[in-house]
Amino acid sequence: MAETRQWHLASRPVGEPTEENFELVTVDRPEPEANEVLVKTLYQSVDPYMRGRMRDAESYAEPWDVGEPMKASVVGEVVESNAAEYDEGDIVTGDLLWAEHAVADAGELQRVDPDHGPISTALGVLGMPGVTGYWGLNDVCDPKPGDTVFVSAAAGAVGSVVGQLAKLSGARVVGTAGSEAKIDWLTDELGFDAAINYKETDDLSSAVKEACPNGVDCYFDNVGGPITDAVWPRLNVDARVAVCGQIALYNETEVPTGPRKLTKLIETRATVEGLLVSDYQQRWGQALQRLSQFVQSGDIQYRENVVEGFENAPDAFLGLFEGENIGKQVVKVADGQHA
Ligand SMILES: NC(=O)c1ccc[n+]([C@@H]2O[C@H](COP(=O)([O-])OP(=O)(O)OC[C@H]3O[C@@H](n4cnc5c(N)ncnc54)[C@H](OP(=O)(O)O)[C@@H]3O)[C@@H](O)[C@H]2O)c1
Numbered sequence: 001m002a003e004t005r006q007w008h009l010a011s012r013p014v015g016e017p018t019e020e021n022f023e024l025v026t027v028d029r030p031e032p033e034a035n036e037v038l039v040k041t042l043y044q045s046v047d048p049y050m051r052g053r054m055r056d057a058e059s060y061a062e063p064w065d066v067g068e069p070m071k072a073s074v075v076g077e078v079v080e081s082n083a084a085e086y087d088e089g090d091i092v093t094g095d096l097l098w099a100e101h102a103v104a105d106a107g108e109l110q111r112v113d114p115d116h117g118p119i120s121t122a123l124g125v126l127g128m129p130g131v132t133g134y135w136g137l138n139d140v141c142d143p144k145p146g147d148t149v150f151v152s153a154a155a156g157a158v159g160s161v162v163g164q165l166a167k168l169s170g171a172r173v174v175g176t177a178g179s180e181a182k183i184d185w186l187t188d189e190l191g192f193d194a195a196i197n198y199k200e201t202d203d204l205s206s207a208v209k210e211a212c213p214n215g216v217d218c219y220f221d222n223v224g225g226p227i228t229d230a231v232w233p234r235l236n237v238d239a240r241v242a243v244c245g246q247i248a249l250y251n252e253t254e255v256p257t258g259p260r261k262l263t264k265l266i267e268t269r270a271t272v273e274g275l276l277v278s279d280y281q282q283r284w285g286q287a288l289q290r291l292s293q294f295v296q297s298g299d300i301q302y303r304e305n306v307v308e309g310f311e312n313a314p315d316a317f318l319g320l321f322e323g324e325n326i327g328k329q330v331v332k333v334a335d336g337q338h339a
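Just so we're aligned, residue 1 is where the sequence shown starts under full-length UniProt numbering, counting upward by one.
Here it is as structure tokens:
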């Protein structure tokens with residue numbers, strides 16, 4: 001019987017995850033039943049939210065099980081089909097497994113058209129992170145021309161989309177990132193008005209104040225922690241804060257303190273709103289269509305950090321917490337006709 005490999009959750013991390021938390025397991029290749037297809041993974045996504053799934057049920061609503069394969073969005077090629085909708089060779093995307101092959105119900109998959117650009121973008125700018133940035137910015141922040149939009153983890157998958165969309169809306173855009181190469185990309189190529197390398201800045205509060213002389217009208221927060229502490233005092237009257245992610249806190253073992261000066265919210269009447277991309281299922285296609293137009297026209301640029309080899313998937317995931325990625329972090333698992 002043909003075999004395939006999967007990454008299983010070996011143990012739940014305490015603090016920073018390590019390679020010990022992952023186990024590479026060889027299993028029999030699954031066979032599709034009626035209305036199912038067998039997908040060969042070409043690209044696998046690694047995403048910060050996965051850190052939450054590694055927690056236990058007490059601290060996270062939908063944890064992964066220890067000893068079981070972990071879930072991931074993938075782009076893959078149909079290699080066997082028992083579903084009328086798909087033929088062998090079709091390129092599809094869906095939420096499958098950290099696996100070289102996985103079986104999926106036809107209804108769980110979306111078709112990816114290789115003629116529309118690199119198929120891996122279905123995991124990034126034209127996938128979940130792009131949709132998060134699109135609706136998070138437009139629905140929650142709703143930037144107006146002349147507003148100052150501040151975005152953290154600005155050179156990442158979500159942040160780079162947010163910043164460029166905010167520029168297109170006529171806002172002044174400021175971001176944070178953790179390397180000079182990222183800062184150069186933001187300011188020289190993506191059109192950010194200013195960018196702060198938070199790892200090289202002694203006084204983050206002063207840096208934010210200097211970069212945002214008119215205060216902050218929209219704060220798209222991917223990070224939390226000290227960056228939020230620095231942005232908070234700069235919020236303007238009627239500011240909108242979109243809490244998208246808190247990656248600076250995902251590996252904390254103690255409950256951290258947050259901004260305590262909530263009088264700022266009274267003074268500014270600011271709105272702080274959490275957002276979850278899965279709430280936008282009904283408007284997913286609308287965001288993808290618009291993002292696709294922006295990518296085609298060159299109004300939105302994107303980058304991918306492609307880690308080669310399925311065996312390196314845990315490294316690629318761990319790299320997110322070290323800021324190793326510029327743009328979307330993806331794992332190239334195999335070559336396909338279109339990979
Ligand atoms: N709410 C939702 O529905 C939703 C959906 C997708 C993503 N998210 C969240 O959005 C955020 C960005 O996700 P993404 O997929 O676009 O990831 P990403 O930004 O492409 O990658 C993560 C980045 O976070 C930064 N980072 C890591 N640890 C940090 C720390 N301790 N302090 C400051 N920055 C740190 C790193 O960049 P630098 O350090 O170089 O800046 C790293 O490259 C994450 O928090 C994620 O959980 C939320």
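Even for Gly, the Cβ is constructed at its ideal location relative to N, Cα and C.
The beta carbon of Val208 sits no closer than 7 Å to any heavy atom of ligand 1. With fewer than 16 other beta carbons inside 10 angstroms of its own, Val14 counts as exposed.
Taking 8 Å as the cut-off, the beta carbon of Gly94 is found no closer than this to the beta carbon of Val79.
Exclusion of the five residues before and after Pro259 leaves Thr228, Asp229, Trp232 as the residues of its chain whose Cβ lies within less than 7 Å of its Cβ. Selection Phe317, Gly327, Asn325 evaluated against Gln44 yields Phe317 as nearest (Cα-Cα). Residue Glu77 holds the alpha-carbon nearest to the alpha-carbon of Lys332 among Thr268, Gln301, Glu77, Asp115. Counting of Cβ neighbours within 10 angstroms places Val255 among the exposed residues, the total staying below 16.
The beta carbons of Leu9 and Glu311 sit about 16 Å from each other, so the pair does not count as a contact at 8 Å.
The region 174 to 257 is shown to contain whole alpha helix (DSSP H) runs of 4 or more residues at 180 to 184, 204 to 211, 225 to 231, in chain order. Taking all protein chains shown into account, His101 has 16 or more neighbouring C-beta atoms within 10 Å of its C-beta and is therefore buried.
Buried is the label assigned to Ile326, since at least 16 other Cβ atoms lie within 10 Å of its Cβ. DSSP places Val46 outside both helix and strand once states are collapsed to three, so it counts as coil.
Apart from the 5 residues on each side of it in sequence, Met128 sits with its Cβ closer than 8 Å to the Cβ of Ser45, Asp47, Ser73, Val277 in its chain, given in chain order. If you look at Phe294, you'll find it in the alpha helix (DSSP H) that goes 284 to 297.
Across the structure, Gln281 and Ser206 are spaced so that their CA atoms are roughly 40 Å apart.
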